[in-house]
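Protein chains in written order, with this note's numbering: chain Y, 1 to 198; chain F, 1 to 198. A quick write-up on the structure given underneath.
Protein chains: 2
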Amino acid sequence: MNAAINTRQRILRSARDLIYARSYSEVGVAAICDSAGVKKGSFYHFFPSKQELTLAVLDEFFLEFKEQIFAEAFSERLTPLNRLRRLAELAYRFQKEIADVTGHTLGCPFGNIAAEMSTQDEKLRHKVATVLGQMEAHIRDTLEAAVACGEVNNIDVPTTAKAMLAYAEGIMLLAKTRNDPEVVRELMPAMADIRIRT
Amino acid sequence: MNAAINTRQRILRSARDLIYARSYSEVGVAAICDSAGVKKGSFYHFFPSKQELTLAVLDEFFLEFKEQIFAEAFSERLTPLNRLRRLAELAYRFQKEIADVTGHTLGCPFGNIAAEMSTQDEKLRHKVATVLGQMEAHIRDTLEAAVACGEVNNIDVPTTAKAMLAYAEGIMLLAKTRNDPEVVRELMPAMADIRIRT
DNA sequence: ATTATAGTTGACCGGTCGGTCTAGTCAAGT
DNA sequence: ACTTGACTAGACCGACCGGTCAACTATAAT
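Here is the structure:
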């Protein structure tokens with residue numbers, strides 16, 4: 001049973017890494033099984049389909065994101081706006097590290113799947129939309145706090161949060177397209193300066 | 001020979017529509033041939049591979065984009081900043097029209113392919129990067145003009161151009177993810193207000 | 001020791017993939 | 001009339017796709 005959890009976890013991690021590095025369509029179940037050192041039968045014992053696995057992968061991604069990025073950026077030591085600036089810095093570090101290891105700038109795992117699959121798989125689209133919605137909510141909360149402590153004023157908080165998320169996703173996509181993490185370093189800090197006025 | 005050009009054009013248009021509506025991986029050569037009313041033999045007479053066809057599709061997309069969007073938005077009647085605002089409006093209209101017809105918000109054709117294929121096919125990545133580079137150049141030129149006529153000042157023009165492009169791409173991706181063109185209407189106008197200060 | 005159950009194995013399925021190839025049509029050039 | 005070469009037709013290729021299945025093993029409760 002311990003071994004079983006282990007197997008499931010190995011499948012999940014292999015799938016996460018492969019799908020992020022390549023894409024949903026380019027990664028087959030067989031490749032995931034090979035990478036995880038697991039046979040097809042075991043795969044389908046734990047996951048009913050490739051689609052369901054991918055939903056789990058998205059959860060896994062978001063969990064890690066919250067643990068590794070949000071947890072650090074959104075500590076109380078920083079002012080709200082500085083949390084957003086810290087987020088920008090962490091985004092760069094993360095992309096830079098991946099680029100150093102893999103040779104490719106991989107962008108945002110959610111944005112990648114959204115772009116590829118939104119029109120093809122409604123369940124996947126909805127899942128990604130939900131995750132991005134939660135990210136937006138985090139930014140919104142942070143902006144509310146910024147307003148509350150007088151760090152900013154006269155802004156449309158919900159719309160500004162959406163704009164910041166859009167800007168961040170766009171930067172990740174451009175960085176992937178140029179295969180250059182420095183794009184993130186150059187552009188991301190300005191995310192914290194976006195203001196949609198009331 | 002006229003019929004031949006016609007065949008090539010039909011293949012190109014079918015591929016453009018199908019790849020935009022679905023994705024590169026989800027659209028097979030057979031589907032493109034069916035849609036174009038052409039047999040495989042003809043397809044491979046005009047295009048050596050699916051990859052080469054896609055490069056041509058990207059050219060086709062960019063050509064249409066310049067004809068339909070840039071040509072209208074960048075007319076001399078408008079001030080530079082108003083050209084960018086017009087661009088935002090056209091982006092919404094375009095996404096809205098597609099959504100009404102297809103039931104899906106398809107986002108940016110270049111961004112879609114970039115997200116899906118950048119890590120998998122260097123030629124495709126490079127092509128998309130080039131196209132987006134030209135878009136960035138258009139925005140940069142417009143910002144230069146805005147500076148020249150005193151509409152804005154104290155901005156880092158090249159970086160602001162990049163930031164505007166990133167913001168636009170991010171909005172298109174979010175709209176696709178939410179399957180809602182209204183995201184474009186809500187967020188895109190603020191593109192013209194982005195300023196990266198010197 | 002027996003039984004039930006969770007997990008594993010790998011052969012196998014029909015279908016689709018991008019791409020090849022041979023045979024043939026057709027119009028223009030000589 | 002004959003040749004040439006662009007274009008079309010569609011059968012065919014091996015590889016791979018997601019998914020199924022029956023048989024097997026390991027574990028733990030009774």
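The C-beta atom is built at its ideal place from N, Cα and C for all residues, glycine as well.
(1) Taking just the CA atoms, how far does R13 of chain F sit from A36 of chain F?
(2) Quick one: does T119 of chain F have its CB under 7 Å from some CB of chain Y?
(3) Can you tell which of Y:F110, Y:L78, Y:A73, Y:T79 has its C-alpha closest to the C-alpha of R93 of chain Y?
(4) With H, G and I counted as helix, E and B as strand and the rest as coil, what does DSSP make of I200 of chain F?
(5) From the DSSP output, which residues share a beta bridge with I155 of chain F?
(6) Just checking, does the region 185-195 of chain Y make contact with the region 77-90 of chain Y on the three C-beta pairs under 8 Å criterion?
(7) Distance, Cα to Cα, I194 of chain F vs V101 of chain F?
(8) Once DSSP output is grouped into helix, strand and coil, what is the label at F62 of chain F?
(9) Could you check whether the region 15-25 of chain F touches the region 123-135 of chain Y, counting it as contact only if at least three pairs of C-beta atoms, one from each stretch, sit closer than 8 Å?
(10) Closer than 9 Å by beta-carbon distance: list the chain Y residues that pair up with T159 of chain F, in chain order.
(11) Out of Y:F47, Y:F43, Y:L81, which one is the CA nearest neighbour of V147 of chain Y?
(12) To be precise: take each residue of the region 137-159 of chain F, compare its Cβ to all Cβ atoms of chain Y, and keep it if any distance is under 8 Å. Which residues remain?
(13) Any contact of the region 35-50 of chain F with the region 113-121 of chain F, i.e. 3+ C-beta pairs under 8 Å?
(14) Given this structure, state the Cα-to-Cα distance separating R178 of chain F from V57 of chain Y, to the nearest angstrom.
(15) Closer than 8 Å by C-beta to L165 of chain Y: which residues in its own chain qualify, once you throw out the five before and the five after it? Chain order, please.
(16) Counting only beta-carbon atoms, is K127 of chain F nearer than 7 Å to chain Y?
(17) Would you say M1 of chain F reaches chain Y, if we count a Cβ-Cβ gap shorter than 7 Å as a contact?
(18) On the three-state DSSP scale, how would you describe P48 of chain F?
(19) May I ask which residues mark the beginning and end of the alpha helix (DSSP H) holding R85 of chain Y?
(20) Spatial neighbours of N154 of chain F within its chain, please: C-beta separation below 7 Å, excluding the five flanking residues on both sides.
(21) With burial defined as no fewer than 16 other Cβ atoms inside 10 Å of the residue's Cβ, what is the status of L174 of chain Y: buried or exposed?
(22) Should E169 of chain Y be labelled buried (16 or more other beta-carbon atoms within 10 Å of its own) or exposed?
(23) Which residue from F:K176, F:M191, F:E182 puts its Cα closest to that of A21 of chain F?
(24) Which two residues bound the contiguous alpha helix (DSSP H) that contains K127 of chain Y?
(25) Below 7 Å on C-beta distance, what does F15 of chain F contact in chain Y?
(26) Does S25 of chain F come within less than 7 Å of chain Y when only Cβ atoms are used?
(27) What is the C-beta distance between E144 of chain Y and V157 of chain Y, in whole angstroms, given that I count them as a contact (C-beta under 8 Å)?
(28) Flag this pair as yes or no: are the beta carbons of L53 of chain F and A99 of chain F separated by less than 7 Å?
(29) Could you have a look at F74 of chain F and say whether DSSP puts it in helix, strand or coil?
Inspection of the coordinates gives the following:
(1) Cα to Cα, the separation comes out at about 8 Å.
(2) The beta carbon of T119 of chain F falls within 7 Å of a beta carbon belonging to chain Y, placing the residue at that interface.
(3) Answer by Cα proximity: Y:A73.
(4) Here chain F covers residues 1 to 198 and nothing more, so residue 200 of chain F does not appear.
(5) According to DSSP, I155 of chain F bridges with F:R197.
(6) Using a Cβ-Cβ distance cut-off of 8 Å, the region 185-195 of chain Y and the region 77-90 of chain Y are in contact, since at least three pairs of beta carbons, one from each stretch, lie closer than that value.
(7) The alpha-carbon of I194 of chain F is positioned some 32 Å away from that of V101 of chain F.
(8) DSSP, reduced to helix, strand and coil, places F62 of chain F within a helical segment of the structure shown.
(9) Touching, no, given that fewer than three Cβ pairs across the two stretches are closer than 8 Å.
(10) Within chain Y, the residues placing a beta-carbon under 9 Å from that of T159 of chain F are E186, L187, A190, ordered along the chain.
(11) Measuring from the Cα of V147 of chain Y, the nearest candidate turns out to be Y:L81.
(12) Hits within the stretch, in order: T159.
(13) Result no; under three Cβ-Cβ pairs closer than 8 Å.
(14) Taking C-alpha positions only, R178 of chain F is separated from V57 of chain Y by approximately 20 Å.
(15) When the five nearest sequence neighbours on each side are left out, the beta carbons in the same chain lying within less than 8 Å of the beta carbon of L165 of chain Y are those of L132, M135, E136, I139, in order along the chain.
(16) No, its Cβ sits nowhere closer than 7 Å to a Cβ of chain Y.
(17) With a pLDDT of 47 at M1 of chain F, under the threshold of 50, the predicted position of this residue should be treated as unreliable, and no value is reported.
(18) Three-state DSSP puts P48 of chain F in coil, outside helix and strand.
(19) Where R85 of chain Y is concerned, the enclosing alpha helix (DSSP H) stretches over 80-102.
(20) Around N154 of chain F, the same chain offers R197, T198 as residues with beta carbons nearer than 7 Å, after the five sequence neighbours per side are excluded.
(21) Answer is buried; the Cβ neighbour count reaches 16.
(22) With 16 or more Cβ atoms within 10 Å of its Cβ, E169 of chain Y is classed as buried.
(23) Of the candidates F:K176, F:M191, F:E182, the one whose C-alpha sits nearest the C-alpha of A21 of chain F is F:K176.
(24) Segment 122-148, the alpha helix (DSSP H) holding K127 of chain Y.
(25) Phe is not the amino acid found at residue 15 of chain F; the sequence shown has Ala there. None at all; the shortest Cβ gap to chain Y is about 16 Å.
(26) True, the Cβ-Cβ gap to chain Y drops below 7 Å.
(27) About 6 Å separates the CB atoms of E144 of chain Y and V157 of chain Y; that is less than 8 Å, so the two are in contact.
(28) At the C-beta level, L53 of chain F and A99 of chain F stay beyond 7 Å of one another.
(29) F74 of chain F carries a coil assignment under DSSP once its states are collapsed to helix, strand and coil.
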